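So the structure is just underneath, and the comments pick up after that.
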């Protein structure tokens, strides 16, 4: 009973209700266990129940051709289904359990029976919140489709939470692979601070960087930014984030947003090589990415960092289907097997890169980027 009352109290409109009313509502709740990946509500269908999340995490997605748009990630204390239950509208979105969930369901009839006319203001407040959420989800869906309608670039973040796992090499080879299909339409943005080595590994000599264009007037920003991009003979473009470690502080979240808004109109794909530390700039970039590639080596310390990073990314609202795990074998005999890696990370490995000696690094230096072979 206490757990059910706690779940109800997390909704601000219920918090001020007398304890007796909360207990009456709690007695009418029905506890349901939902496996990870299962659908809780289906977009377009009617609904007459509220779902309070007692445990677990859920993803709210709207089907908007040509794909799906994630509009929210809900966790303990949140509730869903209010649009259909309170506004008599079809379900605006589908909701899937990202992890195993326990939800408490409260049907419309029970809600009205307990609150009745004495607490009609609570029902009205619930309707207002439901309408606000409906509008917010609609706006998020519209904004998410603008990039597709305007043919803006897809942004892919490559993140390795432990140095030496090969994140930069993976990013370079990913850019090289995409450039073979889309020559001149793929950019590597190097934000692997404090030491950005992508240009060096690609055999290029940068003379300026993103950090140095932050003070450029708005009317000249686009022209100066694009002139900073380096052209690689193999097809891709590279934009260094900073040339000196101390310049990394100049790459602020505001500058990243300005730069990405310009670059998305110019390129088809933007691959961003991220540093180990999660800073404000890294968080800003996570918000702008459509996909995140997490690179891990089959080593105990690297896997611990990777597991922590996955938890952080999911807590930040990264959709599970937008996160790919790459296992990069840096030695011929990995210290940890793939099954053990997947147990540690609590998820499957999407791509495994076999040990290829120094060929990936050499390919980058020779300006002949190659994609991972396995």
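Residue numbers (our numbering): 45 to 418. Note that beta-carbon positions come from the ideal geometry of N, C-alpha and C, so glycine has one too. Being a predicted model, the structure only gives us computed values, none of them experimental.
Between the CA atoms of residue j and residue i - distance to the nearest angstrom
i: residue 246; j: residue 199; result: 21 Å
i: residue 146; j: residue 49; result: 14 Å
i: residue 35; j: residue 351; result: Here the chain covers residues 45 to 418 and nothing more, so residue 35 does not appear.
i: residue 121; j: residue 302; result: 35 Å
i: residue 293; j: residue 196; result: 28 Å
i: residue 169; j: residue 131; result: 12 Å
i: residue 179; j: residue 134; result: 14 Å
i: residue 414; j: residue 201; result: Per-residue confidence for residue 414 stands at a pLDDT of 49, beneath the threshold of 50, marking its modelled position as unreliable; no derived number is given.
i: residue 72; j: residue 64; result: 13 Å
i: residue 243; j: residue 112; result: 35 Å
i: residue 237; j: residue 103; result: 32 Å
i: residue 101; j: residue 81; result: 11 Å
i: residue 335; j: residue 368; result: 8 Å
i: residue 273; j: residue 329; result: 19 Å
i: residue 106; j: residue 47; result: 30 Å
i: residue 219; j: residue 277; result: 13 Å
Outcome for residue i when other beta-carbon atoms lying within 10 angstroms are tallied against a minimum of 16
i: residue 261; result: exposed
i: residue 263; result: exposed
i: residue 217; result: buried
i: residue 230; result: buried
i: residue 343; result: buried
i: residue 281; result: buried
i: residue 227; result: exposed
i: residue 96; result: buried
Sub-8 Å separation of residue i and residue j beta-carbons
i: residue 84; j: residue 140; result: yes
i: residue 372; j: residue 259; result: no
i: residue 300; j: residue 308; result: no
i: residue 148; j: residue 98; result: yes
i: residue 318; j: residue 370; result: no
i: residue 88; j: residue 125; result: no
i: residue 283; j: residue 324; result: no
i: residue 289; j: residue 239; result: yes
i: residue 295; j: residue 255; result: yes
Assigned secondary structure, residue i (DSSP; H/G/I helix, E/B strand, else coil)
i: residue 225; result: helix
i: residue 70; result: helix
i: residue 399; result: coil
i: residue 289; result: helix
i: residue 380; result: coil
i: residue 259; result: coil
i: residue 77; result: strand
i: residue 107; result: strand
i: residue 272; result: helix
i: residue 210; result: coil
i: residue 117; result: strand
i: residue 201; result: strand
i: residue 244; result: helix
Residue i: CB within 7 Å of a non-hydrogen atom of the ligand PLP
i: residue 122; result: Annotation note on the ligand PLP: not contained in the displayed structure, which lists no ligands.
### Query
At what residue ranges does the segment 294–352 contain a whole run of the alpha helix (DSSP H), taking only runs of 4 or more?
297–307 and 324–332
### Query
In the segment 140–165, which residue ranges form an unbroken alpha helix (DSSP H) of at least 4 residues, counting only runs that do not cross its ends?
152–159
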